[in-house]
Amino acid sequence: MRDRRIKWLILWIPTVTIGLWEYVRHAFLLPYMTMELGNLLAPFIVLVVTMTLVRGLFQRLEHSQSALQRQRSVSAALEERERLAAELHDGIAQSLFLLAVKLDQLDQAAGGEPAVRELAAQLRETVRVVHEDVRQAIANLRMPPSAEGDAWVVPLRELLGETSAIIEARAEFRWTIPEDSLSDKEKVELHACLREALLNVRKHARAQTVQVVGEPTGNGGFRCAVEDDGVGFEGDPLQAQGRFGLRMVRDRARRMGWTFAIERRNGRTVVELAKEAG
């Protein structure tokens, strides 16, 4: 029922009710009911009708207005997401592309200078990682919000599937962190960290199985991990030459106040993020 019709019904029902009551009283009840009793019953009859029919109409009108407000909020959010995605694409993404071109030119101009070539390679890897993050952010912004509670983890599940297909490994995804226990910023940072950890598995692990785990630890805390049974690492992986992804994950975790760990456990490499219970 349209809002306009509901409003008209709310206006007309009390008037029609009192009119029908007066007609019935004078046409059928006058021999059995005094004028004073009829006048006394009239407001109670209007009150009963108002508390039933009109009250229900008011509830429907409120629901309709709430739904309209939610729709407007979603539309505004979608427009803002599209605007941010366009700004990222036209601004940062284009600048990163230009920077990569300049690094190629620097590499060519350096000739045989090993130090310059090594520095250019490191900078190029950094630009590549940042560019991938920006592309993922643009894709996430342009992805329509889903009504599913765990919709924000769908891209992680898909990336895990892609990783397992590329390296021909068995994948497992276990996620039990409640949607409403994470802030929007925590979701963004977790997505970026776990994504980088999965890319690290794809590039270096040569694993047979890979697993993504997200579980609550009570009072708003959580534990997230990417685990694989690959070749592992020697020494400190955070100091490995030309490998910046895990350092970026560590730095993101520190900025969020989370703990970060990378270690071998029972023949598996575990990259773990954890938030202490509040």
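All residue numbers for the sequence shown refer to the UniProt record's numbering, where the first residue is 1 and numbers rise by one.
All C-beta atoms, glycine included, are put in the ideal place defined by N, C-alpha and C.
Quick caveat, the model's predicted, so the values are computed rather than measured.
Segment limits, alpha helix (DSSP H) that includes residue i
| i | result |
| --- | --- |
| Gly161 | 154-167 |
| Thr15 | 3-24 |
| Arg254 | 245-256 |
| Arg195 | 184-200 |
8 angstroms contact criterion, which residue i and residue j should meet: CB distance rounded
| i | j | result |
| --- | --- | --- |
| Met256 | Glu189 | 5 angstroms |
| Leu199 | Gly245 | 6 angstroms |
| Ala86 | Val134 | The pair is not a contact, with the Cβ atoms about 13 angstroms apart (cut-off 8 angstroms). |
| Leu273 | Val210 | The pair is not a contact, with the Cβ atoms about 16 angstroms apart (cut-off 8 angstroms). |
| Phe173 | Val212 | 5 angstroms |
| Gly221 | Glu276 | 6 angstroms |
| Pro216 | Thr176 | 7 angstroms |
| Asp228 | Ala205 | 5 angstroms |
| Leu156 | His191 | 6 angstroms |
| Arg124 | Leu103 | 5 angstroms |
| Leu53 | Ile13 | 6 angstroms |
| Val49 | Thr17 | 5 angstroms |
Residue i, DSSP secondary structure in three states
| i | result |
| --- | --- |
| Val231 | coil |
| Thr34 | coil |
| Gly267 | coil |
| Glu179 | helix |
| Ala207 | coil |
| Glu215 | strand |
| Ala225 | strand |
| Glu113 | coil |
| Gly56 | helix |
| Ala277 | coil |
| Gly220 | coil |
| Asp236 | coil |
Continuous beta strand (DSSP E) stretch holding residue i: start and end
| i | result |
| --- | --- |
| Trp175 | 170-175 |
Opposing strand residues paired with residue i [DSSP bridges]
| i | result |
| --- | --- |
| Ala261 | Glu272 |
Residue i CB to nearest heavy atom of the ligand MG below 8 angstroms
| i | result |
| --- | --- |
| Phe28 | The ligand MG is not part of this structure, which contains no ligands at all. |
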